[in-house]
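Asks:
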Amino acid sequence: MSAFTPASEVLLRHSDDFEQSRILFAGDLQDDLPARFECAASRAHTQQFHHWQVLSRQMGDNVRFSLVAQASDVADCDTLIYYWPKNKPEAQFQLMNILSLMPVGVDVFVVGENRSGVRSAEPMLADYAPLNKVDSARRCGLYHGRLEKQPRFSLESWWAEYSIDGLTIKTLPGVFSRDGLDVGSQLLLSTLTPHTKGKVLDVGCGAGVLSAAL
Numbered sequence: 286m287s288a289f290t291p292a293s294e295v296l297l298r299h300s301d302d303f304e305q306s307r308i309l310f311a312g313d314l315q316d317d318l319p320a321r322f323e324c325a326a327s328r329a330h331t332q333q334f335h336h337w338q339v340l341s342r343q344m345g346d347n348v349r350f351s352l353v354a355q356a357s358d359v360a361d362c363d364t365l366i367y368y369w370p371k372n373k374p375e376a377q378f379q380l381m382n383i384l385s386l387m388p389v390g391v392d393v394f395v396v397g398e399n400r401s402g403v404r405s406a407e408p409m410l411a412d413y414a415p416l417n418k419v420d421s422a423r424r425c426g427l428y429h430g431r432l433e434k435q436p437r438f439s440l441e442s443w444w445a446e447y448s449i450d451g452l453t454i455k456t457l458p459g460v461f462s463r464d465g466l467d468v469g470s471q472l473l474l475s476t477l478t479p480h481t482k483g484k485v486l487d488v489g490c491g492a493g494v495l496s497a498a499l
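In this text, residue positions in the sequence shown follow the numbering used here: the first is 286, and each later residue adds one.
Take a look at the structure:
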């Protein structure tokens, strides 16, 4: 995480505007800008353990790894900078969680690559923090708004589930095979099940369907 991503480079074009801000960074944190950004205070929340590993070396307890953010993660923050991921439902899940914890009036910035669908942030947040595009560069967009209404967030309402051969698979937004088993995994299971012996390492397991079935 030494070089900055295009999204971070767009943010740096506006660094003077954040000197007095107490910022929570969240979303698809692909570099260490949260640890190096010049501002009054910086926190970060991530669902990616490897991002936490890198950032925690520089930010210590000011970065947290967990499935959902808690009130303590946003304490004293007056600004959210959210890095848009490639998965729209994942973005909605994370934004609804975080914005439900932040007080009305905080500044909300969303930044991301155009090809990742960052434009979807505008309609997604229209009822809570209406956004305006404030910059466009490096094939990225930067949007700003202020939180006008807190969304309601309950983790239980975001779980989805489906059944495969007597197994109940539970998933959340952003998890591969969230809506059902893909055809590739179906084919792999039909090939592996009769022949599998010993210990199996399921890398990049998504919802864990293969491991559970085997």
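Ideal Cβ positions, reconstructed from N, Cα and C, are used throughout, including at glycine.
Since this is a predicted model, take the numbers as computed values, not measurements.
Drop a sphere of 10 angstroms on the beta-carbon of P508, count the other beta-carbons inside from all chains shown, and report buried for 16 or more, exposed for fewer.
Replies: As shown, the chain starts at 286 and ends at 499. That puts residue 508 outside it, with no answer to give.
Asks: Which residue's Cα is closest to the Cα of D420: D392, V295, P291 and A288?
Replies: V295
Asks: For F378, which three-state DSSP category applies?
Replies: helix
Asks: Please name the residue, chosen from E398, S385, D464 and G402, that lies closest to P436 on a Cα-to-Cα basis.
Replies: S385
Asks: Given a cut-off of 8 angstroms on the beta-carbon distance, is the pair W444 and L457 in contact?
Replies: yes
Asks: Inspect the beta-carbon positions of D316 and F350 and report whether they are closer than 8 angstroms.
Replies: No.
Asks: Can you pull the DSSP bridge partners for Y368?
Replies: G312 and V396
Asks: Is the Cβ-Cβ distance between A492 and I449 less than 8 angstroms?
Replies: Judged by beta-carbon spacing, I449 lies beyond the 8 angstroms limit of A492, meaning their Cβ atoms are not closer than that value.
Asks: For the beta strand (DSSP E) containing L452, list its first residue and its last residue.
Replies: L452 to T456
Asks: Taking the straight line between their C-alpha atoms, what separation do you get for L410 and R342?
Replies: 33 angstroms
Asks: What are the residues that DSSP puts in a beta bridge with I449?
Replies: Looking at the DSSP assignment, I449 forms a beta bridge with L452.
Asks: Could you say which of Q379, R307 and Q332 lies nearest to A325 if we only look at CA atoms?
Replies: R307
Asks: Going by alpha carbons, who is nearest to W369 out of V353, C425 and A498?
Replies: C425
Asks: Just grab the DSSP bridge partners of K418 for me.
Replies: Y428
Asks: Determine the direct distance from the alpha carbon of V339 to that of M286, and round the result to whole angstroms.
Replies: With a pLDDT of 46 at M286, under the threshold of 50, the modelled position of that residue is not reliable, and the figure given next carries that caveat. C-alpha separation (whole angstroms): 8 angstroms.
Asks: Let me confirm a value: L318 is counted as buried when at least 16 other C-beta atoms fall within 10 Å, else exposed. Which label applies?
Replies: buried
Asks: Going by beta carbon distance, what residues of the same chain come within less than 7 angstroms of N399, once the five residues before and after it are set aside?
Replies: R424, C425 and G426
Asks: Thinking L440 and Y413 are a contact (beta carbons under 8 angstroms), I'd like their distance in whole angstroms, please.
Replies: Rounded, the Cβ-Cβ distance is 18 angstroms, inconsistent with contact.
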